[in-house]
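Numbering (this note's numbering), first residue to last: 1 to 418.
Just so you know, even glycine gets a beta-carbon here, dropped at the ideal spot from N, CA and C.
Accompanying notes for the structure given below.
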Ligand code: EPU
């Protein structure tokens, strides 16, 4: 099984390009299920999760093709496809549940495996189901599968009990082909929801309010093909900013924008970094030692849970004490014990971690438990003295395109071991 070996202690310097956003690519691939015409996506990141979604779509009968070097991918979902997603594929990636809304809206039936729990929490999909039922679907959960049927979904007023990103996306896609107007209240405001709305509008959907907590969708009879460019990955961007910051480096990240990252950049500036926004790039330069920064994760536009682990890593060697509160997922501190193996001083009490900065971390062998946890181990490994070996780096391959190449371009000493 692949491992990543990092020799820490070198400040990162230079320019790298940021890839397309995983969490926009996955729902947009599913949006292609809403039409029989070709949907072309540009700037699709080459990631394990994208390959898993492609396999799932292929399996249903969607024709998928990749084009050229610039992350072009096209999808044709014929009327004859089989609206089913099996446990074998869904269990490996929760985002597979994003096929449910589009399949039901277009084919009037869907059979999709429940995703089950994962390393960061239980992550139920009850809100997705509740919304589809409110739109008139008959939904049964049997033998681990969601069976949903409806002659045609009807527009409805939907309210989710909590802010859910993929829940909002599933319901927005379903509503695009429903009869009448759907209003999603308490909608997620994440930029990926807006990017998906833009993709759907390019396909002929009538959507307003994406990016606010009330989204209105006027259903149409049919959608058509379109070409859509996927937004930059704000979490990949934030991760490289943390990597540069912790090493006292200076980097320029291109093909991305600070507009998606206000909360993250604010914290990096509180930590002592200088951050400059350019038109399609962000520059960061960091002091030799960062100040500790406390944070609390919340839905967008507040601080993202997907950056919590990386900030825990930078706080491990910062000057002072940081309090980190995780409010989105109930089990998202798995990286703390691994960071402790590198010499970090972290105490966990429920959903709060107290991190006392230490003068240095020391390389050790650590284990990645999920995607962002493994990113935090990379950040820590870059500043740790000596060699850090990260095991189970397939987690990293789910969300970071060409990670070693990008880090090496910034001067890091990293190597993949088979
Ligand atoms: N929730 C429910 N019921 C539901 C839906 C959600 O109880 O029906 C709960 C979840 O258990 C969680 C909270 O609501 O406690 C928020 O979960 P959300 O549904 O927003 O998460 P998600 O849509 O499954 C997406 C991203 C995650 C990211 C979260 C939060 C994708 C494919 N995934 O997950 O990304 O952490 O939003 O921003 O968009 C990652 O990229 O590493 C990752 C985990």
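*Rounded distance between the beta-carbons of residue 246 and residue 344, thought under 8 Å*: The pair is not a contact, with the Cβ atoms about 12 Å apart (cut-off 8 Å).
*Does the beta-carbon of residue 98 have 16 or more other beta-carbons within 10 angstroms, so that it is buried, or is it exposed?*
With 16 or more other Cβ atoms inside 10 Å of its own Cβ, residue 98 counts as buried.
*Are three or more beta carbon pairs between the segment 15-32 and the segment 60-76 nearer than 8 Å?*
The segment 15-32 is in contact with the segment 60-76.
_On the DSSP bridge list, what partners appear for residue 324?_
In the DSSP assignment, the residues bridged to residue 324 are 295, 353.
*Would you check if the distance between the CB atom of residue 190 and the CB atom of residue 300 is smaller than 7 Å?*
Closer than 7 Å, so yes.
*Run the proximity test for residue 251: is its beta-carbon closer than 6 Å to any non-hydrogen atom belonging to the ligand EPU?*
Residue 251: no, Cβ never under 6 Å from the ligand EPU.
*residue 212 - partner residues in DSSP beta bridges*: Under DSSP, residue 212 shares a beta bridge with 210.
*Can you tell me the Cα-Cα spacing of residue 309 and residue 375, whole angstroms?*
When rounded, the distance between both Cα atoms is 8 Å.
*Between residue 232 and residue 21, which are expected to be in contact by the criterion C-beta below 8 Å, what is the C-beta distance as a whole number of angstroms?*
Approximately 6 Å separates the beta-carbon atoms of residue 232 and residue 21; this is inside 8 Å, confirming the contact.
*asked:* For a quick check, are the C-beta atoms of residue 315 and residue 378 less than 7 Å apart?
replied: No. Outside cutoff.
_Taking DSSP's pairing of strands, which residues face residue 65 in a bridge?_
Paired residues: 74.
*Looking at residue 162 and the ligand EPU, is the gap between the Cβ and the nearest heavy atom below 6 Å?*
The answer is yes for residue 162.
*Option nearest residue 363 by Cα separation, candidates 194, 340, 289, 192*: Its Cα nearest to that of residue 363, the residue 340 stands out among 194, 340, 289, 192.
*Contacts around residue 32, its chain only, beta-carbon distance under 6 Å, and the 5 residues preceding and following it disregarded*: In the same chain as residue 32, and ignoring 5 residues on each side of it, the C-beta atoms closer than 6 Å to its own belong to 39, 75, 77, in chain order.
_Buried or exposed for residue 127, going by 16 or more other Cβ atoms inside 10 Å?_
Buried, because 16 or more other Cβ atoms sit within 10 Å of the Cβ of residue 127.
*Under the criterion of a Cβ to heavy atom distance below 6 Å, does residue 395 qualify as lining the ligand EPU?*
No, Cβ of residue 395 sits at least 6 Å from all heavy atoms of the ligand EPU.
*Mind reading off the beta-carbon distance from residue 155 to residue 178? Whole number of angstroms is fine, and I expect it under 8 Å.*
Residue 155 to residue 178, Cβ: 5 Å. Contact.
*For the putative contact between residue 441 and residue 118, defined by C-beta atoms under 8 Å, what is the C-beta separation to the nearest angstrom?*
Residue 441 is absent from the model: the chain starts at 1 and stops at 418.
*Which one of 9, 90, 5, 149 has the shortest CA to CA distance from residue 360?*
Closest option to residue 360, Cα to Cα, is 9.
*Less than 6 Å between the CB of residue 123 and some heavy atom of the ligand EPU, yes or no?*
Checking every heavy atom of the ligand EPU against the Cβ of residue 123, one is found closer than 6 Å.
*List in chain order: all unbroken beta strand (DSSP E) runs of 3+ residues lying wholly within the segment 230-318.*
Counting only runs of 3 or more, we get 250-254, 274-277, 281-285.
*Run through the segment 336-416 for me and flag every whole beta strand (DSSP E) of 3 or more residues, listed as ranges in chain order.*
Fully enclosed beta strand (DSSP E) runs of 3 or longer: 345-349, 352-356, 365-367, 387-391.
_With a threshold of 8 Å, are at least 3 pairs of Cβ atoms found where one atom belongs to the segment 159-178 and the other to the segment 96-116?_
With a cut-off of 8 Å, the segment 96-116 and the segment 159-178 count as touching, because enough Cβ pairs lie within range.
*Spatially closest choice to residue 202 from 230, 319, 182, 401, by CA coordinates*: Closest by alpha carbon: 230.
*Could you give the C-beta distance for residue 318 and residue 291, rounded to a whole number, given that I count them as a contact under 8 Å?*
The beta carbons of residue 318 and residue 291 sit about 6 Å from each other, so the pair counts as a contact at 8 Å.
*Using 8 Å as the threshold, is the segment 57-66 in touch with the segment 128-135, meaning 3 or more CB pairs across them?*
Contact between the segment 57-66 and the segment 128-135 is absent: fewer than 3 CB-CB pairs across the two stretches fall below 8 Å.
_Please state the DSSP three-state secondary structure of residue 138._
Look at residue 138 here: in three-state DSSP terms it is strand.
_Option in 3, 59, 81, 56 with minimal Cα separation from residue 36_ = Looking from the CA of residue 36, the closest CA among 3, 59, 81, 56 belongs to 81.
*Thinking residue 307 and residue 255 are a contact (beta carbons under 8 Å), I'd like their distance in whole angstroms, please.*
Not quite, the Cβ-Cβ distance comes to about 19 Å (not below 8 Å), so this is no contact.
*Measuring alpha carbon to alpha carbon, tell me which of 54, 397, 358, 325 ends up nearest residue 368.*
Proximity to residue 368 across 54, 397, 358, 325 peaks at 397, based on C-alpha coordinates.
_Taking the straight line between their C-alpha atoms, what separation do you get for residue 402 and residue 115?_
Take the alpha-carbon of residue 402 and the one of residue 115: they are about 27 Å apart.
*Measuring CB to CB, does residue 145 end up less than 7 Å from residue 109?*
Not in contact: residue 145 and residue 109 (Cβ atoms no closer than 7 Å).
*asked:* Does the beta-carbon of residue 186, which I'm using as the reference point, lie nearer than 6 Å to any heavy atom of the ligand EPU?
replied: No, the Cβ of residue 186 stays beyond 6 Å of every heavy atom of the ligand EPU.
*Cβ distance (whole Å) where residue 130 is taken to contact residue 390 below 8 Å*: Residue 130 to residue 390, Cβ: 39 Å. No contact.
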